[in-house]
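Peer 1: The number in our numbering is simply the position in the sequence shown, starting from 1, with 222 added.
Where a beta carbon is used, it is the ideal one built from N, C-alpha and C, also for glycine.
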Amino acid sequence: MARIRLEAVRHSYGEGDALRPADIEFEDGGAYALLGPSGCGKTTLLNIVSGLIRPSAGRVLFDDRDVTDLDTAARNIAQVFQFPVVYDTMTVAQNLAFPLRNRGLPAGQVRQRVGEVLEMLDLTAVANRRATRLSADDKQKVSLGRGLVRSDVAAILFDEPLTVIDPQAKWRLRAQLKLLHRQFGHTMVYVTHDQTEALTFADRVAVMRDGAILQIGSAQELFDAPRHTFVGYFIGSPGMNVLPVEAEGGALRIGQHAIAMTSGPTAPGARVELGVRPEHIRLGREGLPVQVRRVDDVGRRRIVHAALAGHELQVSLDEAAEIPAEPRVAFEPGRAGVFVDSWRVGA
Ligand code: ATP
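Right, here's the structure in full:
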């Protein structure tokens, strides 16, 4: 296991930066996720850690050792990709044993470790079946197993590993991966565009967009204090409301309504927005008037789609809560944030 540090790392495939200059540290034994929409640079960042890509600039350090010029094998990294990588002619058990035999582990230890991994992944029943005869799900589980079987790796990197797994098995495997991390304490980095996957697996999540890391934090930090409007919007279901507001001498207005918050100093022409989560808005008889457009039932809660001074606002309501005839909204104290040019400045 290793502490992994990227220093001023940047990457370009030709035109523009696929990864903008970034510093990021993965602590020894930590579980991390890189989360963001397609094309934001997650795989590029992961491949820089693994050594599949040499960054255009910057350094990669494993426990203070500069590994920027070392390949994946020399970095001692295990990787699990989106699509299964298995040897079709070998049995499931042989596939799992392969990385261990390659490193010259004694046969007894290989047997024991393979047995453990088979069990963890529910593959014991198919241990002696040729990989070619497996379902797509089971093939991917074998791939996962090959990533997890060695205990001496510096880190295990996952690139959307559950994409081909059917939804039910996905839930189970996701929870299992979390357990495995607790049990073995490997440094793990997991790439996904799915916030549930990222937030269940990782202790810390890096949210990315357009080649930039916008924020790294725990699920709670990203939910409670997003530093950027995109983080607020991307995390949560539905995401944070982002409302354009006007700043007049530090006081904020939305349409004709004054808002009891201050923005701090803003440069002329700056875009000022108010960010507030649907869960942090009270709908009742107090506050700013809204028009209710639609109500969606989402199990134990209802999502009210309303208009506030012409801007769309989503409010999360308890299923039993009533919606008054002339509804108004109030933001829970301390829960809304002010964002200038998309970055949080205060509350
Ligand atoms: P996805 O979830 O779709 O894989 P991602 O967040 O992992 O996306 P990357 O694959 O890192 O993003 O891609 C970042 C940017 O770099 C994208 O604009 C992509 O088109 C570009 N890119 C990725 N690989 C290459 C390549 N080999 N050559 C040229 N451009 C590339």
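1) Cα separation between A376 and A224?
2) Under a three-way DSSP split, which group does V526 fall into?
3) In angstroms with no decimal places, state the Cα-to-Cα distance between G369 and T488.
4) So is the beta-carbon of T418 under 7 Å away from any non-hydrogen atom of the ligand ATP?
5) According to the Cβ coordinates, are V231 and P277 closer than 8 Å?
6) Closer than 7 Å to a non-hydrogen atom of the ligand ATP - does that hold for the CB of V413?
7) Quick one: what's V332 bridged to in DSSP?
8) For R352, which three-state DSSP category applies?
9) From the DSSP output, in three-state form, read off Q437 for me.
10) What three-state label does DSSP hand D381 in the structure shown?
11) Does DSSP put E501 in a helix, a strand or coil?
12) Does any heavy atom of the ligand ATP sit closer than 7 Å to the C-beta of S373?
13) Would you identify the three-state DSSP class for Q405, choosing helix, strand or coil?
14) Can you find a heavy atom of the ligand ATP that lies under 7 Å from the Cβ of A428?
Peer 2: Considering the structure as presented:
1) As a working note, residue 376 is residue 154 in the sequence shown. As a working note, residue 224 is residue 2 in the sequence shown. Cα-Cα distance, rounded: 5 Å.
2) If you number the sequence shown from 1, residue 526 lands on position 304. Strand, per DSSP.
3) Position 147 of the sequence shown, counted from the start, is the residue given in the question as residue 369. Position 266 of the sequence shown, counted from the start, is the residue given in the question as residue 488. So the alpha carbons of these two residues sit roughly 49 Å apart.
4) Here residue 418 refers to the residue found at position 196 when the sequence shown is read from its first residue. T418 Cβ: outside cutoff for every heavy atom of the ligand ATP.
5) Translated into the one-based positions of the sequence shown, residue 231 becomes position 9. Translated into the one-based positions of the sequence shown, residue 277 becomes position 55. Pairing V231 with P277 gives a Cβ-Cβ distance under 8 Å.
6) Counting from one through the sequence shown, the residue named residue 413 turns up at place 191. Residue side-chain check: V413 places its Cβ nearer than 7 Å to a non-hydrogen atom of the ligand ATP.
7) Start at 1 with the first residue of the sequence shown, and residue 332 comes out as number 110. According to DSSP, residue pairing for V332 in a beta bridge does not occur.
8) Looking up residue 352 in the sequence shown gives position 130. The DSSP-derived three-state label of R352 is strand.
9) Reading the sequence shown from its first residue, position 215 is the one you call residue 437. In this structure, DSSP gives Q437 an extended state, which the three-state scheme calls strand.
10) In the sequence shown, counting from the first residue as 1, residue 381 sits at position 159. DSSP places D381 in strand when its eight states are reduced to three.
11) As a working mapping, residue 501 is identified with position 279 in the sequence shown. In the structure shown, E501 falls within a helical segment according to DSSP collapsed to helix, strand and coil.
12) Against the sequence shown, residue 373 aligns to sequence position 151. For the ligand ATP, not one heavy atom lies less than 7 Å from the Cβ of S373.
13) Within the sequence shown, the letter at position 183 stands for residue 405. If DSSP states are grouped into helix, strand and coil, Q405 belongs with the helices.
14) Indexing the sequence shown from 1 puts residue 428 at position 206. Because no heavy atom of the ligand ATP lies under 7 Å away, the Cβ of A428 does not count as near it: no.
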